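Q: Under numbering that gives the first Met the number 0, read the sequence shown as residues 0 to 257, first letter to last. Please find one structure pasted underneath; my questions will follow.
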Amino acid sequence: MNLNISDHRFIICGASSGFGEAIARQLLIEGARVVLVARRGDVLREKFGHFDKNIEIVEGSLIYRETLDKIEKAAKQSEFHGILLNAGGPPTGTPLQTNMDDWDAAWQLVMRWKIDLSLRLAPILKENGYGRMLYIESQSVKQPIPALTLSNAFRAGVVGFAKTLALELAPKGVTVNVLAPGSHETPAIERVIKNNSSVRGISFEKAREEMEKNVPVGRMGKAEELASLAAWLLSPHSGYVTGQTISHDGGVISGLFG
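Next up, the structure:
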């Protein structure tokens, strides 16, 4: 399928690894221009430099206002058609293992910057009469994971915000959706497996095997698989899909509307 995005420009947050990297790469392969956002510009240049004139780089942490200012400036320099709001998650822990400092930090890391950036950029897309906004969250927004208290809480909050924003922007040609990935082959899942291995006193391989057994398809997903879906959601073909939280988890969510 031709996604018809060769003349489109996207902003991709968290582009240096994992889902963000895979999605940015897929969009570039499709011929789009991409503003890559990550803390380390050198990593972005190393991974994407061969795309040359089709990339722009914004370096900085998304929790800082200065970085959001730079993204907003980039958005206004030339027409853009969509944004991927994506970043790493907070530390693991059960509710009673957290403290208020953890909650304050997680609010900044998971939710606050996404709302701030959305409020800055959504009006631009609305004015243009076209746009795609896509948030990468987690399967935990549909089925909370016991040791991911902070992620469970704030990612669910992002879904509530995105759904409400979708209703406001729908008449203006702007779609807003959320992807809820399960376990994928990314650096983030490696950290989770290492933590599980350490806590339970088992090998990394054993911890990985047990995680895969809980996935109906019998394996972890690949970031490239999710990237294909994300690229479609960021394309003109997805114009009738908005306000949705779409699972990409190999069948893990057991509810009827998973």
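Each residue gets a CB set at the ideal place from its N, CA and C atoms; glycine is no exception. In this text the structure is predicted, and so the values were computed from the model without any measurement.
1. Hey, could you find the ends of the beta strand (DSSP E) PRO186 is sitting in?
2. Where does PHE256 land, buried or exposed, given buried means 16+ other C-beta within 10 angstroms?
3. Which whole runs of the alpha helix (DSSP H) in the region 93–178 are 4 residues long or more, in chain order?
4. If we count the other Cβ atoms within 10 Å of its Cβ and call it buried at 16 or more, is ILE70 buried or exposed?
5. If you drop the 5 nearest sequence neighbours on each side, which residues of the same chain put their C-beta closer than 7 Å to that of VAL175?
6. Given THR148, which residues of its chain have a CB within under 7 Å of its CB, disregarding the five upstream and five downstream residues?
7. Do the CB positions of GLY181 and HIS247 come within less than 8 Å of each other?
8. Should the region 142–157 be regarded as contacting the region 32–43, the criterion being three or more beta carbon pairs within less than 8 Å?
9. For ILE28, name the three-state secondary structure that DSSP assigns.
10. Please name the residue in LYS171, TYR239 and ILE144 whose C-alpha comes closest to that of ILE252.
11. Could you check the C-alpha separation between VAL177 and LEU2 for me, to the nearest Å?
12. Helix, strand or coil for VAL42? Go by DSSP, reduced to three states.
13. Are the region 24–33 and the region 221–229 touching, with three or more C-beta to C-beta distances below 8 Å?
14. Can you tell me whether GLY78 is helix, strand or coil according to DSSP?
15. Give me the DSSP bridge partner(s) of ARG8.
16. Excluding five sequence neighbours on each side, which residues of the same chain lie with their C-beta closer than 6 Å to the C-beta of ALA206?
17. Specify the secondary structure class of THR91 as computed by DSSP and reduced to three states.
18. So the candidates are GLY250, ALA187 and LEU83; which of them puts its Cα closest to the Cα of GLN142?
19. Tell me which residues share the same chain as HIS80 and place their Cβ nearer than 7 Å to its Cβ, disregarding the 5 neighbours each side in the sequence.
20. Suppose you measure from the CA of GLY88 to the CA of ARG154; what does that come to, to the nearest Å?
21. Given a threshold of 16 other Cβ atoms within 10 Å of its Cβ, counted over all protein chains shown, does ASN213 qualify as buried or as exposed?
22. So SER246 is in the beta strand (DSSP E); what residue range does that whole segment cover?
23. What are the residues that DSSP puts in a beta bridge with ALA37?
24. Is LEU2 helix, strand or coil by DSSP?
25. Taking ALA222 as part of the alpha helix (DSSP H), name the residues at either end of that continuous run.
26. Within its chain, find whatever has a CB closer than 6 Å to the CB of ILE56; leave out the 5 residues flanking it on each side and keep chain order.
27. Comparing alpha-carbon positions, which option in ALA121, GLU29 and ALA187 lies nearest PHE50?
A: Answer, in terms of the structure:
1. Looking at the DSSP string, PRO186 is not in any beta strand (DSSP E); the run it does join, the alpha helix (DSSP H), is 186–199.
2. exposed
3. 99–105, 112–127 and 148–168
4. buried
5. MET132, ALA161, LEU164, ALA165, LEU168, THR241 and GLY242
6. GLY92, THR93, PRO94 and THR97
7. yes
8. no
9. helix
10. ILE144
11. 19 Å
12. helix
13. yes
14. The question names Gly, but residue 78 in the sequence shown is Glu. DSSP places GLU78 in coil when its eight states are reduced to three.
15. ARG32
16. ILE192, ASN195 and SER196
17. coil
18. GLY250
19. HIS7, ARG8, PHE9, TYR129, GLY130 and ARG131
20. 9 Å
21. exposed
22. 244–247
23. GLU58
24. coil
25. 222–232
26. LEU35, GLY40 and LEU43
27. GLU29
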